[in-house]
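**Student:** Got a structure here, written out as C-alpha cells. Questions coming.
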Ligand SMILES: NC(=O)c1ccc[n+]([C@@H]2O[C@H](COP(=O)([O-])OP(=O)(O)OC[C@H]3O[C@@H](n4cnc5c(N)ncnc54)[C@H](O)[C@@H]3O)[C@@H](O)[C@H]2O)c1
Ligand SMILES: NC(=O)c1ccc[n+]([C@@H]2O[C@H](COP(=O)([O-])OP(=O)(O)OC[C@H]3O[C@@H](n4cnc5c(N)ncnc54)[C@H](O)[C@@H]3O)[C@@H](O)[C@H]2O)c1
Ligand SMILES: [Zn+2]
Ligand SMILES: [Zn+2]
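Printed below as a string of C-alpha cells:
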C-alpha cells in the first residue's frame, strides 16, 4: 500500500481496498451513496461490496455509461435520486467508475445541499491517472466539455489497478494518453518508460508515478492560475475534436484518443512557436501515431472546431491559450496562438501518413 | 457611504453607486454580464446603467421573475446564454435583483467554467438584508428549496435602498420578516425598533443593522457548522409551507410571509421545548400576526409539510433540526424536535384568531 498526499486528502494505492474499508468504519457518515454506471455496476460493484463493512448501509445510484451522458440531464437524475434516498448533509457519495462517474458524481456531491463529502474509486486507467485526482468536477453542456463544474476536493481517492482487468484494450490505450502527457510535460524518464511498454499491460509503478506528477502540479496550483495549465497540453485542440466527434460520429473518439490527436497538433505548434526541436516533434508524432489510430476529417469541420475552442474554459480575453512543449519533459503555458497557426497544425495532422 | 467587512469582501451601503463604479473601473474583467429579471430590467437596470463606466462593455441576461423560476431549467438557460456571449473565466457576473436573481446568478457564476467572479446588487428588501450576503447560492429542485447550490462568496455587495422605491408593499413586508428574525435571534433592541416602525417605510439604519447582525453570524461560522444555524429560525417549517404554497396556491406566499408563519410555529416550539417565556411567545405572535395575513390550511396537508421538512437541508441523521429561541434576542440551534410537536405547533398556528 502506498499513499500520496494531495490537497488535504490521501490518494491510496492498494489492491485489496483495506484502507477504503477503514475509512468507512472510521467516519461517521449518515449514509453511503454509491454512484456507478451500468458497466461498473456489473464489473466493479461486486468487488467493492466485498469491502464495505457490514455496519454500513448503502444505496446505489446508476447512470448510463459514456461521455454523452455526462450532462445536466443525468446530473439532475442523480440529484433527484439523492433526494429520494433522503440523503442529508452528512451523507457520503462514493464514485465508482471512470472519469464520467467521478466528474459527474463529484459535481453532484459538491452542489447537493451546498456540498456533501465524496470519495473516488476510479476504475479506468484514465480516471486513475487523471480524472480522480485534482478536484475538478464537471459536466458537459451543449457538447462543450466540462463547462459546468466546481473545484471540489474528494475526501480520499482509492486506486486499485485490480479494477482494470475488465477494461478493454481501447479504454486502456485511451487512459494511457494521459500518462504519455504527464511524461511529455514533466518527466522525460516516464515518457521513455511508456515507450518501452507492451500495451495493454500497464505496471502499477507507472500509474503511481503518473499520479505523482499530476499531484505535484496541482498542489502547487490548485485553481489553475498558472502552472496547472500545463496539464492541458493536447487538450485545447483535443477537447474540440472530442466534442466534434461526440456530436457527429457513430462511434465517437474516446477522450484519450482525442487528446492524442490534440498532442500531435500542439506538439506541432510547440515546434513552430515554442522552440521544440524538430527531431523531438517527429519522435513524439511517431510514437503517438504508433499507439493511436488515425482520425479522418477534412477542412470543412475547422470552423466547428475553432468555435468549440473559443468556448473552451482555457480561453481568456478572446485569446486561445495553449500549453506548449519546450522540449520533452518541459512545458510552458499561457501561449496565445493565432487561428492561422491552429489551422496549420490541423493540416499537419491530416497530412500525416496513416 | 458605509461598509461592512464580510468574508473576504465588502458590503457597501451607498445610494449613488459610486463605489460600484470604482469597482468596475479598478478591476480588469474581460466582460460584464448583468443578470436581471423582467422587473429589475424595467425598474433597476436604467439606474444601474447610469453608473456603469463608458469603458465597460456589458451584456444582459434576463430571466422570468419569481420563485417558481429559480430552478434548474432557468439556470441552464443562464449558463447557455453565458456560453453564447462567449463569457470566459475572467468575466464578471453582476446580479441585479431580488433573492431569486442573486441566488441563481451566484450559483450559475460559481459553476460556470468552475467558477467566475460575481457581485450582488440586491434590489429587494429581502435580498438586501439577507440573500445577497453570506455566500449561499442555490436553486430549487422539485419544489425543494435551495437544494442545489454552493457556498460561494461574491466579490462585493452594493446595497442602495434607492432601488426599493419601486417595490410594492407586500414585497417590503416579506423582506421585513428577515429583519424581525435578526432581531429575534440576536438583538432585542432591533426587534423593538421594528415594532415602532410604520411600514412600508424602512429606514436605512435598520437595513444596515440587520446586515450587521447577519454578517457577524456568518463570519463566525461561514459553512453553517454551528452558530449560523440560528439564521434558520422560522425556516424549517417556513420553507415547507413556502414549498407547499408554491406548488398549490394560485397566488403563492412570498418567502418572508412563509417565514413569518414558520417563526410563529417555531416560537411555539421554543416555548414548549426551549424555555421561551409564554409572555414573549404571545408578544411575538401578536406582533407577527399584526404584520402578516393569516394563511389558511388544514391538517390534510401535514404529511406534505413533514415530507418537505424531511428533505430540508437542515435535516441530519433523519432528525429534524430546529433553531429555537430561548428569549427574544437569544437563539439556540441543533434542537431536535419530534413530529408530534411539529404537528402541535402547526395546530397552534391554525387555531390563532385571524
Ligand atoms: N476531472 C478531471 O481532472 C479529468 C481529467 C481527465 C479526464 N476527465 C474526464 O474523464 C472522462 C473520461 O474518463 P474515462 O475514460 O474513465 O471514461 P468513462 O467513465 O466513460 O469510462 C469508460 C468506459 O469504461 C467503462 N468502465 C469503467 N470502469 C470499467 C471497468 N473496470 N471494467 C469495465 N468497464 C469499465 C465505463 O462504463 C465506460 O463505458 C471524460 O469525461 C473527461 O472529461 C476528467
Ligand atoms: N442566499 C441566501 O442566503 C438567501 C437568504 C434569504 C432568502 N433567499 C432567497 O431569496 C429569494 C426571495 O428573494 P426576494 O424576496 O428578493 O424575491 P425575488 O427575487 O423574487 O423578488 C421579488 C419580486 O420583486 C421584483 N423586484 C425585485 N426588485 C425590484 C424593484 N427594485 N422594484 C420592483 N420590483 C422588484 C422581482 O422581479 C420579483 O418579482 C428566495 O428564493 C429565497 O430562498 C436566499
Ligand atoms: Zn484529459
Ligand atoms: Zn429567509
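Protein chains in written order, with UniProt numbering: chain A, 1 to 354; chain B, 1 to 354.
Think of the CB as a built atom: it goes at the ideal place given N, C-alpha and C, for glycine as much as any other residue.
1) Excluding the 5 residues flanking residue 341 (chain B) on each side, which residues of the same chain have their C-beta closer than 7 Å to its C-beta?
2) Does the Cβ of residue 171 (chain A) have 16 or more other Cβ atoms within 10 Å, making it buried, or fewer, making it exposed?
3) Could you tell me the alpha carbon to alpha carbon distance between residue 23 (chain A) and residue 38 (chain A), rounded to whole angstroms?
4) The alpha helix (DSSP H) with residue 36 (chain B) in it runs from where to where?
5) Heavy atom of ligand 6 less than 6 Å from the Cβ of residue 139 (chain B), yes or no?
6) Is it buried or exposed, residue 152 (chain B), if we count other Cβ atoms within 10 angstroms and call 16 or more buried?
7) Please report how far the alpha carbon of residue 21 (chain A) lies from the alpha carbon of residue 155 (chain B), in whole angstroms.
8) Just curious, the beta strand (DSSP E) that residue 240 (chain B) is in, first and last residue?
9) Our contact map puts residue 163 (chain A) next to residue 47 (chain A) with C-beta atoms below 8 Å; I'd like the distance itself, whole angstroms only.
10) Shorter than 6 Å, the distance from the beta carbon of residue 261 (chain A) to the closest heavy atom of ligand 3, or not?
11) Among the residues of its own chain, which have a CB less than 7 Å from the CB of residue 276 (chain B), if the five just before and after it don't count?
12) Using the beta-carbon of each residue, which ones in chain B are nearer than 9 Å to residue 71 (chain A)?
13) Within a Cβ cutoff of 6 Å, which residues of the same chain sit near residue 127 (chain A), ignoring the five residues on either side of it in sequence?
14) Write down every uninterrupted run of the alpha helix (DSSP H) in the UniProt domain "3-dehydroquinate synthase N-terminal" (61–173) of chain A whose length is 4 residues or greater and which is fully enclosed by it, in chain order.
15) So what's residue 181 (chain A) in DSSP terms, helix, strand or just coil?
16) Taking 7 Å as the CB-CB limit, is residue 83 (chain A) close to chain B?
17) Pick out whichever of B:137, B:263, B:10 and B:125 has its Cα sitting closest to the Cα of residue 322 (chain B).
18) Rounded to whole angstroms, what's the CA-CA distance from residue 195 (chain B) to residue 166 (chain B)? Just pull it up for me.
19) What whole-angstrom Cβ distance do residue 83 (chain B) and residue 26 (chain A) have, given they're in contact under 8 Å?
20) Less than 7 Å between the C-beta atoms of residue 118 (chain B) and residue 131 (chain B), yes or no?
21) Please return the same chain residues whose Cβ sits closer than 6 Å to the Cβ of residue 74 (chain A), not counting the five positions on each side in sequence.
22) Identify the residues that DSSP records as bridge partners of residue 327 (chain A): which are they?
23) Express the C-alpha separation of residue 254 (chain A) and residue 169 (chain A) in angstroms, rounding to a whole number.
24) Compare the Cα-Cα distances from residue 339 (chain B) to each of B:286, B:351, B:305 and B:19 and report the closest residue.
25) Counting only beta-carbon separations shorter than 7 Å, does residue 148 (chain B) have a partner in chain A?
26) With a threshold of 7 Å between beta-carbons, can residue 111 (chain A) be considered close to chain B, or not?
27) Between residue 141 (chain A) and chain B, is the shortest Cβ-Cβ distance under 7 Å, so that the two count as touching?
28) Excluding five sequence neighbours on each side, which residues of the same chain lie with their C-beta closer than 6 Å to the C-beta of residue 65 (chain B)?
**Tutor:** Straight from the coordinates:
1) Excluding its 5 nearest sequence neighbours in each direction, residue 341 (chain B) has C-beta neighbours in its own chain below 7 Å: 269, 272 and 273, listed in chain order.
2) Here residue 171 (chain A) is buried: its Cβ has 16 or more other Cβ atoms, across all protein chains shown, within 10 Å.
3) Distance from the CA atom of residue 23 (chain A) to the CA atom of residue 38 (chain A), rounded to whole angstroms, is 25 Å.
4) Secondary structure note for residue 36 (chain B): it is in no alpha helix (DSSP H), and the uninterrupted beta strand (DSSP E) holding it is 31–37.
5) Inclusion of ligand 6 in the displayed structure is not the case, the ligand content consisting of ligand 1, ligand 2, ligand 3 and ligand 4 alone.
6) The residue in question, residue 152 (chain B), is buried, as its Cβ has 16 or more Cβ neighbours within 10 Å.
7) Their Cα atoms are separated by approximately 41 Å.
8) From DSSP, residue 240 (chain B) is part of no beta strand (DSSP E) but of the alpha helix (DSSP H) over 235–248.
9) Rounded, the Cβ-Cβ distance is 7 Å, consistent with contact.
10) No.
11) Same-chain partners within the cutoff: 267, 270, 325, 326 and 327.
12) Within 9 Å of the CB of residue 71 (chain A), no CB atom of chain B is found; the nearest one sits about 10 Å away.
13) Once the five neighbours on either side are set aside, the close Cβ partners of residue 127 (chain A) are 98, 99 and 102.
14) Runs of the alpha helix (DSSP H) spanning 4 or more residues and lying entirely within the UniProt domain "3-dehydroquinate synthase N-terminal" (61–173) of chain A occur at 72–84 and 99–111, in chain order.
15) Reduced to three states, the DSSP call for residue 181 (chain A) is helix.
16) Under the 7 Å criterion on CB atoms, residue 83 (chain A) is classed as interfacial with respect to chain B.
17) With respect to the C-alpha of residue 322 (chain B), the residue from B:137, B:263, B:10 and B:125 having the closest C-alpha is B:263.
18) Each residue's Cα considered, the two are about 24 Å apart.
19) The beta-carbon separation of residue 83 (chain B) and residue 26 (chain A), rounded to 42 Å, does not stay under the 8 Å limit for a contact.
20) No, Cβ-Cβ distance for residue 118 (chain B) and residue 131 (chain B) is not below 7 Å.
21) Only 63 meet the Cβ criterion.
22) Paired residue(s): A:330.
23) Roughly 12 Å separates the two Cα atoms.
24) Distance check between residue 339 (chain B) and each of B:286, B:351, B:305 and B:19 places B:305 closest, using alpha-carbon atoms only.
25) Taking 7 Å as the CB threshold, residue 148 (chain B) lines the interface with chain A.
26) With 7 Å as the cut-off, residue 111 (chain A) counts as an interface residue toward chain B.
27) Yes, because at least one Cβ of chain B sits closer than 7 Å to the Cβ of residue 141 (chain A).
28) 37, 38 and 39, listed in sequence order.
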